[in-house]
Amino acid sequence: MAGDYLSFIKELPRSFSEIGAMLPSSRFLGRHMVRPIRQASHPLRILEVGPGTGPFTRQIIELLRPNDEFVICEVNPRFLERLKSSLRSLSGYERNSERIHFFQGPVQELPQEFLGGGFDVIVSSLPLANFSPADVEAIFSLFEGLLAEGGCITFFEYVGVRKIGIPFRSPSGSQRVRQVDQVVKKWCAQAQVSGSIRRNVSFLNLPPAISIELQLH
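In this text, residue positions in the sequence shown follow this note's numbering: the first is -11, and each later residue adds one.
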């Protein structure tokens, strides 16, 4: 695990816009992020987007059952190679390796062969606060289209980071962050009306984070 932290820190200066975090996520946040997988009573198709060094990936793999399928999508090639190497030591990976698939690239370019009938659970670690409002809207629209009927999305946000960071950004940067926040709130409101939403705060994460689980329809 120490090697994962080292890899993360080494990658941070050149890839912060892709990573969007100062440290890997904790296992406590991970338990909230993978709750739909742990609670499921039927076979799942799972997509993880932006796993980084894999703090959530490991928990997902240990939860996989014989008929589950798991697709891992990571844009950073160095993180993906490190992740592939580290996962091989997990007993869950050895049991399920034929149903675990890797894709290096943006989720928008996920090959048709991985799409199947849609995904029951999408676990996203994408740094939404680093993107443009249009990109965030496009990401949620894409996720909605990738979901199977009754599926859900889990993602997380750092507690207060957007509001705290605004005074230190340029006026245009502050405006972008506010607009991103509005996009996220819009999708949460949609889930509240037509599906469901669940939030959990993880104080045992640095910084503290809120996991958000959306079922959109």
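Ideal placement from N, C-alpha and C gives every residue a C-beta, glycine not left out.
{"Check": "Identified DSSP bridge partners for residue 259", "Outcome": "The question about residue 259 has no answer here: the residues shown for the chain are numbered -11 through 205."}
{"Check": "At least 3 beta-carbon pairs within less than 8 Å: the segment 103 to 122 vs the segment 131 to 144", "Outcome": "yes"}
{"Check": "Beta bridge counterpart(s) of residue 61 as assigned by DSSP", "Outcome": "37, 91"}
{"Check": "C-alpha gap between residue 130 and residue 19, whole angstroms", "Outcome": "25 Å"}
{"Check": "Cα-Cα separation, residue 198 to residue 142", "Outcome": "10 Å"}
{"Check": "Chain-order list of residues whose beta-carbon lies under 7 Å from that of residue 207 (same chain, five-residue window excluded)", "Outcome": "Because the chain is modelled from -11 through 205, residue 207 falls outside the range shown and cannot be assessed."}
{"Check": "Any 3 or more C-beta pairs closer than 8 Å across the segment 116 to 126 and the segment 161 to 170", "Outcome": "yes"}
{"Check": "Cβ separation of residue 90 and residue 33, assumed to be a contact under 8 Å, to the nearest whole Å", "Outcome": "No, residue 90 and residue 33 are not in contact; Cβ-Cβ is about 15 Å, not under 8 Å."}
{"Check": "Distance between residue 186 and residue 80 (C-alpha atoms, nearest Å)", "Outcome": "28 Å"}
{"Check": "Per DSSP, cross-strand counterpart(s) of residue 66", "Outcome": "None, per the DSSP bridge assignment."}
{"Check": "Counted within 10 angstroms of its Cβ, other Cβ atoms place residue 201 as buried (16 or more) or exposed", "Outcome": "buried"}
{"Check": "Neighbour-count burial assignment, residue 191, 16 or more Cβ in a 10 Å radius", "Outcome": "exposed"}
{"Check": "Cβ pair residue 87, residue 58 closer than 8 Å", "Outcome": "yes"}
{"Check": "Rounded C-alpha distance that separates residue 35 from residue 24", "Outcome": "12 Å"}
{"Check": "8 Å Cβ cutoff met for residue 204 and residue 163", "Outcome": "no"}
{"Check": "Classification of residue 42 by the beta-carbon crowding that lies within 10 angstroms, buried from 16 upward", "Outcome": "buried"}
{"Check": "Reduced DSSP category for residue 28 - H, G, I as helix; E, B as strand; rest coil", "Outcome": "coil"}
{"Check": "Cβ neighbour criterion (16 or more within 10 Å) applied to residue 172", "Outcome": "buried"}
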